[in-house]
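**Student:** If you scroll down you'll find the structure; I have some questions about it.
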Amino acid sequence: MVVFKKPKALTDAVMTYCPGCTHGIIHRLVAEAIDELDIMGDTIGVAPVGCSVMAYDFFNVDMVQAAHGRAPAVATGIKRADPSKIVFTYQGDGDLAAIGTAETVHSAARGENITIIFVNNAIYGMTGGQMAPTTLPGMVTQTSPYGRDVEKAGYPVKVCELLQNVDGAAYIERVSVNNIKNINAAKKAILKAFKYQTEGKGFSLVEVLSTCPTNWGVSPEKSLEWLGENMIPYFPLRCYKDKFAQEGDK
């Protein structure tokens with residue numbers, strides 16, 4: 001009896017993310033969805049700039065590198081060139097919610113039949129821990145050493161709340177990977193997002209609340225607690241939009 005095995009959609013490369021980073025968990029959930037839908041041979045991933053830039057080392061599918069923030073635009077081009085392919089982007093908050101905001105919103109507005117996996121750890125991870133569009137009020141970063149001052153820097157961008165009002169978006173959900181219950185819910189959401197694309201239902205985005213122990217300056221264990229105590233209250237976990245939800249679906 002096989003209790004645990006590596007998904008086929010993941011390569012044999014050793015993960016190079018920082019200790020305690022939950023990118024590895026999210027990678028596995030994406031790979032499991034690809035395996036379960038049996039779409040590995042038809043899937044193309046798009047990795048932009050940020051910690052997600054390393055994703056092409058870990059997914060056993062064709063991968064394309066995009067300029068910072070432009071992954072949805074690149075994914076749109078790939079999908080329109082060959083609609084038979086399953087196209088997904090894997091983006092961080094510094095990428096998607098800052099320089100890539102327009103690409104994301106307009107891809108949703110057009111109802112592009114692509115899947116976006118949006119990893120939100122409330123900070124710029126790869127470049128050293130600067131304040132990001134999703135940095136919480138009062139949160140200390142390299143560029144907000146006294147905490148994010150909303151009067152000067154504005155409030156965090158809530159991507160799911162923004163996109164739920166875009167008519168072209170088909171499925172928008174926010175999940176987290178800070179405990180087993182939430183990981184299981186995240187798996188269901190990611191699987192649904194890919195399944196909707198295979199069925200031609202349109203634009204899907206799953207936001208995943210993630211940790212960054214290195215730049216948060218805490219241990220991996222404490223980072224999971226911090227996410228649960230601080231990020232989830234500000235970024236509530238739920239399905240924000242599902243055009244195709246069946247009666248009784250949550």
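So the sequence shown is residues 1 to 250, counted in the working numbering.
Even for Gly, the Cβ is constructed at its ideal location relative to N, Cα and C.
Is the segment 165 to 178 touching the segment 85 to 104 in the sense that three or more CB pairs, one from each, lie closer than 8 angstroms?
**Tutor:** Too few Cβ pairs lie closer than 8 angstroms, so no.
**Student:** From Glu161, Ala71, Ala169, Lys222, pick the residue whose C-alpha is nearest to that of Leu237; which is it?
**Tutor:** Among Glu161, Ala71, Ala169, Lys222, the Cα nearest to that of Leu237 is on Glu161.
**Student:** Relative to the C-alpha of Gly168, which candidate in Ala66, Gly147, Ala98, Gly200 has its C-alpha closest?
**Tutor:** For Gly168, the nearest C-alpha among the options comes from Gly200.
**Student:** How is Asn230 classed by DSSP in three states: helix, strand or coil?
**Tutor:** In the structure shown, Asn230 sits in a helix (DSSP, three-state: H, G or I).
**Student:** Give the range of the beta strand (DSSP E) segment to which Cys239 is assigned.
**Tutor:** Residues 238 to 242.
**Student:** With a cut-off of 8 angstroms, do at least 3 Cβ pairs link the segment 120 to 127 to the segment 90 to 100?
**Tutor:** Touching, yes.
**Student:** Report the CB separation of Thr115 from Gln197 in whole angstroms; it is logged as a contact under 8 angstroms.
**Tutor:** Going by Cβ atoms, the distance from Thr115 to Gln197 rounds to 5 angstroms, so yes, they are a contact pair.
**Student:** Answer yes if the segment 177 to 190 comes into contact with the segment 146 to 165, meaning at least three C-beta pairs across the two stretches below 8 angstroms, and no otherwise.
**Tutor:** With the cut-off at 8 angstroms, the segment 146 to 165 and the segment 177 to 190 do not touch.
**Student:** If we call anything under 8 angstroms between Cβ atoms a contact, is Ala97 one with Val61?
**Tutor:** No, they are not a contact pair.
**Student:** Once the 5 residues before and after Met54 are set aside, which same chain residues still bring their CB inside 7 angstroms of it?
**Tutor:** Within the same chain, Met54 has close Cβ partners Thr16.
**Student:** Any idea what DSSP makes of Ile183, helix, strand or coil?
**Tutor:** Here Ile183 sits in helix by DSSP.
**Student:** Where does Phe235 fall in DSSP's three states?
**Tutor:** Phe235 falls in the coil class under three-state DSSP.
**Student:** Evaluate contact between the segment 205 to 224 and the segment 11 to 25, counting only Cβ atoms and requiring at least three cross-stretch pairs below 8 angstroms.
**Tutor:** As far as the Cβ criterion goes, the segment 205 to 224 touches the segment 11 to 25, which means the pair count is three or higher.
**Student:** Could you check the C-alpha separation between Asp242 and Lys188 for me, to the nearest Å?
**Tutor:** Distance between the alpha carbons of Asp242 and Lys188 is about 14 angstroms.
**Student:** In the DSSP assignment, find the alpha helix (DSSP H) that holds Asn215 and state where it starts and stops.
**Tutor:** Looking at the DSSP string, the run of the alpha helix (DSSP H) that includes Asn215 is 213 to 216.
**Student:** Please report the residue range of the beta strand (DSSP E) in which Val105 lies.
**Tutor:** Element bounds for Val105: not the beta strand (DSSP E) but the alpha helix (DSSP H), 101 to 109.
**Student:** Decide if Lys152 is buried, meaning its Cβ has at least 16 other Cβ atoms within 10 Å, or exposed.
**Tutor:** With fewer than 16 Cβ atoms within 10 Å of its Cβ, Lys152 is classed as exposed.
**Student:** With distances taken between CB atoms, is the gap from Leu224 to Leu209 smaller than 8 angstroms?
**Tutor:** No; because the gap between Cβ atoms is not below 8 angstroms, this pair is not in contact.
**Student:** Of all the options Gly100, Arg80, Ala73, Thr11, which has the alpha carbon lying nearest to the alpha carbon of Tyr56?
**Tutor:** Closest by alpha carbon: Thr11.
**Student:** Measure the CB-CB distance between Glu103 and Ala73 and report whether it falls below 8 angstroms.
**Tutor:** For Glu103 and Ala73, yes; Cβs fall inside 8 angstroms.
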